[in-house]
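In short: position in the sequence shown from 1, add 2, done, that's our numbering.
Beta carbons are placed, not taken as given, at the ideal position from N, Cα and C, and that holds for glycine.
Keep in mind the model is a prediction, meaning the values are calculated, not measured.
Remarks on the structure that follows.
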Amino acid sequence: MSHPSEILSAPRFDAVVVGAGFTGVYALERLVSMGLSVKLIEAGSGVGGTWHWNRYPGARFDSESYSYGYYHDQELLDSWDWSEKYAGAPEIERYLNHAVDHWGLREHIQLDTKVVGAVYNEATKEWDISLSTGEEVRCKYFVPAVGLLSATYTPPFPNMESFEGQLHHTSRWPHEPVDFTGKKVAVIGTAASGVQIIPKIAEVAETLTVFQRTPNWATPLNNHPLTKEDMASIRANFEEIRAKIDKTWMAFPHEGPDPRNTFDVSEEERLKKYEQLYRQGGLSKVSDNFADMARNPEANAAWSGFIADKIRERVKDPVVAEKLIPKDHGFGAKRPPQETNYYEAYNRDNVALVDLHETPIVTFTPAGIETTALDFDFDIIVLATGFDAVTGAQLNLNIRGVDGLELRDAWGEGPITLFGALVPGFPNLFITGGPHVGVGNVPRATEHQVNFIIAAIAKAEAEGATTVAVTDEAARAFVDHVLDAVAALGGNLNYKNNWYTGGNIPGKVRVFSQYSEGVPEYRRRMEEDAAKGFPGVVFA
Ligand code: N01
Numbered sequence: 003m004s005h006p007s008e009i010l011s012a013p014r015f016d017a018v019v020v021g022a023g024f025t026g027v028y029a030l031e032r033l034v035s036m037g038l039s040v041k042l043i044e045a046g047s048g049v050g051g052t053w054h055w056n057r058y059p060g061a062r063f064d065s066e067s068y069s070y071g072y073y074h075d076q077e078l079l080d081s082w083d084w085s086e087k088y089a090g091a092p093e094i095e096r097y098l099n100h101a102v103d104h105w106g107l108r109e110h111i112q113l114d115t116k117v118v119g120a121v122y123n124e125a126t127k128e129w130d131i132s133l134s135t136g137e138e139v140r141c142k143y144f145v146p147a148v149g150l151l152s153a154t155y156t157p158p159f160p161n162m163e164s165f166e167g168q169l170h171h172t173s174r175w176p177h178e179p180v181d182f183t184g185k186k187v188a189v190i191g192t193a194a195s196g197v198q199i200i201p202k203i204a205e206v207a208e209t210l211t212v213f214q215r216t217p218n219w220a221t222p223l224n225n226h227p228l229t230k231e232d233m234a235s236i237r238a239n240f241e242e243i244r245a246k247i248d249k250t251w252m253a254f255p256h257e258g259p260d261p262r263n264t265f266d267v268s269e270e271e272r273l274k275k276y277e278q279l280y281r282q283g284g285l286s287k288v289s290d291n292f293a294d295m296a297r298n299p300e301a302n303a304a305w306s307g308f309i310a311d312k313i314r315e316r317v318k319d320p321v322v323a324e325k326l327i328p329k330d331h332g333f334g335a336k337r338p339p340q341e342t343n344y345y346e347a348y349n350r351d352n353v354a355l356v357d358l359h360e361t362p363i364v365t366f367t368p369a370g371i372e373t374t375a376l377d378f379d380f381d382i383i384v385l386a387t388g389f390d391a392v393t394g395a396q397l398n399l400n401i402r403g404v405d406g407l408e409l410r411d412a413w414g415e416g417p418i419t420l421f422g423a424l425v426p427g428f429p430n431l432f433i434t435g436g437p438h439v440g441v442g443n444v445p446r447a448t449e450h451q452v453n454f455i456i457a458a459i460a461k462a463e464a465e466g467a468t469t470v471a472v473t474d475e476a477a478r479a480f481v482d483h484v485l486d487a488v489a490a491l492g493g494n495l496n497y498k499n500n501w502y503t504g505g506n507i508p509g510k511v512r513v514f515s516q517y518s519e520g521v522p523e524y525r526r527r528m529e530e531d532a533a534k535g536f537p538g539v540v541f542a
């Protein structure tokens with residue numbers, strides 16, 4: 003950080019937002035609408051967040067397109083037609099750019115710039131922010147919106163740098179197209195990203211070798227194009243769709259759980275329901291399932307068994323099919339990937355599956371990958387190995403609060419927040435889209451969180467308050483509630499080895515860091531808190 007005199011001469015804004023994804027753009031629009039001076043800093047070369055970075059073939063929504071946008075602006079709703087029920091990344095990126103232009107926000111956005119440090123200045127009661135360009139900016143309200151799933155995770159495979167072919171991570175996909183035609187390709191990782199890219203590569207590569215450590219319960223996305231008539235009907239029913247979104251646990255426009263338990267019905271009726279769910283779109287297989295699917299181990303095993311049989315039907319080689327069926331966790335213990343022709347890819351002659359439990363990777367080589375069984379030669383290796391999720395991106399900003407307290411240390415045992423927004427010891431820091439946000443449809447949950455933040459900032463502005471600071475007690479009580487809520491889910495949700503808990507990153511503290519009582523309850527609590535004048539938050 004620079005000399006104090008340089009800081010005071012640095013450009014000053016009422017608020018600085020970090021990240022031009024769905025949540026950051028919404029926060030920017032709300033703050034600008036309040037009449038504040040606002041700057042948004044974005045590391046990428048364009049607007050789009052997740053959808054800017056994860057531009058790999060096959061990347062698309064698993065939420066219904068029309069549920070994932072902004073719902074507070076009728077003109078914007080009326081001005082955009084989605085072409086598919088689950089749109090692909092390029093279209094989503096175009097939508098976000100459209101929203102930015104619609105609201106005239108581009109002048110507030112600085113691209114190709116990273117925040118490399120942010121320090122709370124106790125003398126000025128403002129945030130001093132250092133940028134990768136060498137610039138410094140100051141602001142009263144610091145609003146990181148850097149995402150749950152944006153800090154890339156690359157496992158430390160030995161000698162990775164020695165590989166002489168192309169190496170790409172799904173979450174840092176190049177802008178120029180990667181041509182897999184006639185190439186020998188490897189994919190490491192078989193969760194949501196791997197499951198999307200594998201069938202796309204399989205179609206064109208000479209060979210595709212998939213390195214799988216743990217299989218997932220992938221189910222069909224059941225995507226389809228949306229016609230003009232479909233969009234007209236969606237538009238005519240926006241209020242009904244919004245009401246469904248506002249009511250369901252994960253904030254999707256789904257029916258919500260079947261009130262019956264799995265074994266309340268005959269086997270014939272249960273299987274009929276399972277078939278129907280399997281043909282439904284996206285994550286409605288989770289949200290519209292029998293009421294006890296997630297909580298009751300027998301119910302979970304019945305549904306998981308049904309999907310295992312579907313995998314056996316779809317994959318011709320029974321040995322490969324068995325390798326693709328999860329054995330260590332039930333459906334829903336991890337976020338279930340939504341696929342299109344994923345299992346069929348393994349029926350192609352050019353696709354092979356390597357089970358890393360049987361033959362682990364020993365090392366990367368200049369020519370490819372060596373496992374305990376074989377040496378493989380590749381032209382291209384794709385890492386679909388996920389993210390240092392939930393807290394990774396916030397911690398990478400190097401945030402320091404009162405008395406130099408580093409966020410990394412404050413969250414050493416897991417994140418401590420009120421509603422994922424306010425952190426004790428970090429006045430005027432308003433995080434959005436990080437830990438403790440309601441699980442499910444991210445923009446829907448973060449819209450409520452941003453609204454809570456905006457209400458707090460409006461109160462501070464109205465009262466002429468210099469600082470907004472949550473008490474330790476209020477934040478700890480909220481964290482206790484978050485942990486009690488996930489414990490109460492119980493059943494066979496064994497959240498081990500899962501990005502929700504940090505379990506996918508060796509050595510990371512293991513703590514469930516999402517809000518699991520449902521987005522409606524998450525919203526209700528924040529609205530109640532704001533209506534009561536933010537008990538537990540000191541406006542000074
Ligand atoms: O990442 P992941 P992801 N050696 O962490 C494997 C969202 N998303 O990018 O399970 C070998 O889930 C790892 O294996 P294992 C969505 O919320 C949404 O796929 O740890 N393999 C796993 O197979 C999703 O949940 C969409 O044994 C290693 C994979 O890499 C979240 O992002 C699309 C390894 C990582 O899976 C994350 O998904 C894409 C190692 N050392 C993503 N380390 C939509 O559809 C890790 N792996 C909207």
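Assuming residue i and residue j form a contact by the criterion Cβ under 8 Å, report the distance between their Cβ atoms to the nearest whole angstrom.
{"i": "GLY520", "j": "ARG512", "result": "Incorrect: roughly 23 Å between the Cβ atoms, too far for contact."}
{"i": "ASP310", "j": "VAL317", "result": "Per the sequence shown, residue 310 should be read as Ala rather than Asp. Rounded, the Cβ-Cβ distance is 11 Å, inconsistent with contact."}
{"i": "ILE131", "j": "ALA120", "result": "5 Å"}
{"i": "VAL212", "j": "ILE200", "result": "6 Å"}
{"i": "ASP290", "j": "LEU279", "result": "6 Å"}
{"i": "TYR28", "j": "GLU463", "result": "Contact doesn't hold; Cβ gap of about 19 Å is too wide."}
{"i": "TYR276", "j": "PHE240", "result": "TYR276 to PHE240, Cβ: 31 Å. No contact."}
{"i": "PRO328", "j": "THR221", "result": "Wrong, their Cβ atoms sit about 12 Å apart, outside the cutoff."}
{"i": "ALA89", "j": "SER67", "result": "4 Å"}
{"i": "VAL392", "j": "GLY334", "result": "Contact flag wrong, Cβ pair sits at about 18 Å."}
{"i": "LEU420", "j": "ALA476", "result": "5 Å"}
{"i": "ILE243", "j": "PRO261", "result": "So it is not a contact: roughly 21 Å between Cβ atoms."}
{"i": "GLY422", "j": "PRO437", "result": "5 Å"}
Within 10 angstroms of the Cβ of residue i, are there 16 or more other Cβ atoms? Answer buried if so, exposed if not.
{"i": "MET552", "result": "Lying outside 3 to 542, the shown extent of the chain, residue 552 is not represented and no answer is given."}
{"i": "GLY435", "result": "buried"}
{"i": "ARG281", "result": "exposed"}
{"i": "SER173", "result": "buried"}
{"i": "LEU33", "result": "buried"}
{"i": "PRO59", "result": "buried"}
{"i": "HIS54", "result": "buried"}
{"i": "PRO362", "result": "exposed"}
{"i": "VAL488", "result": "buried"}
{"i": "PRO417", "result": "buried"}
{"i": "SER11", "result": "exposed"}
{"i": "GLU128", "result": "buried"}
Kindly indicate which three-state DSSP category residue i falls into: helix, strand or coil?
{"i": "ASN496", "result": "In this prediction, ASN496 has a pLDDT of 49, which is less than 50 and means its spatial position is unreliable; nothing more can be read from the coordinates."}
{"i": "VAL392", "result": "coil"}
{"i": "ALA467", "result": "coil"}
{"i": "GLY119", "result": "strand"}
{"i": "LEU150", "result": "coil"}
{"i": "GLN112", "result": "strand"}
{"i": "PRO227", "result": "strand"}
{"i": "ALA354", "result": "strand"}
{"i": "GLY307", "result": "helix"}
{"i": "GLN278", "result": "helix"}
{"i": "TYR502", "result": "coil"}
{"i": "LEU98", "result": "helix"}
{"i": "PHE378", "result": "strand"}
{"i": "ARG297", "result": "coil"}
{"i": "ARG57", "result": "coil"}
{"i": "MET3", "result": "Because the pLDDT at MET3 is just 48, under 50, the model does not fix this residue reliably, and the value given afterwards should be weighed accordingly. Note: MET3 maps to coil in three-state DSSP."}
{"i": "PHE454", "result": "helix"}
{"i": "TYR73", "result": "coil"}
What does DSSP give as the partner residue(s) for residue i in the beta ladder?
{"i": "ARG215", "result": "The partner list for ARG215 (beta bridge, DSSP) is empty, contrary to what the question assumes."}
{"i": "SER132", "result": "GLY119 and GLU138"}
{"i": "ARG14", "result": "ARG140"}
Do the region 177-192 and the region 383-391 meet, that is, are 3 or more Cβ pairs less than 8 Å apart?
yes
Would you check if the region 465-479 and the region 158-170 touch, i.e. whether three or more CB-CB distances between them fall below 8 Å?
no
Taking one C-beta from the region 394-411 and one from the region 100-111 each time, how about it: are there three or more such pairs within less than 8 Å?
A contact is defined here as three or more CB-CB pairs under 8 Å, and the region 394-411 fails this definition with respect to the region 100-111.
Measuring CB atoms only, is the region 43-52 touching the region 16-29, in the sense that at least three cross pairs come out at less than 8 Å?
yes
If we count Cβ pairs, one from each stretch, closer than 8 Å, do we get three or more for the region 472-486 versus the region 364-373?
no
Taking contact to mean 3 or more Cβ pairs, one atom from each stretch, closer than 8 Å, check whether the region 55-72 and the region 84-102 are in contact.
yes
When the Cβ atoms of the region 417-431 are set against those of the region 138-156, are three or more pairs found closer than 8 Å?
yes
For the 8 Å Cβ check, are there 3 or more pairs between the region 330-344 and the region 246-260?
no
Between the region 371-378 and the region 89-97, do at least 3 Cβ pairs fall closer than 8 Å?
no
Please write down, chain order preserved, every residue whose beta carbon lies under 5 Å from a heavy atom of ligand 2.
Judged by which ligands are present, ligand 2 is missing from the structure shown, whose ligands are ligand 1.
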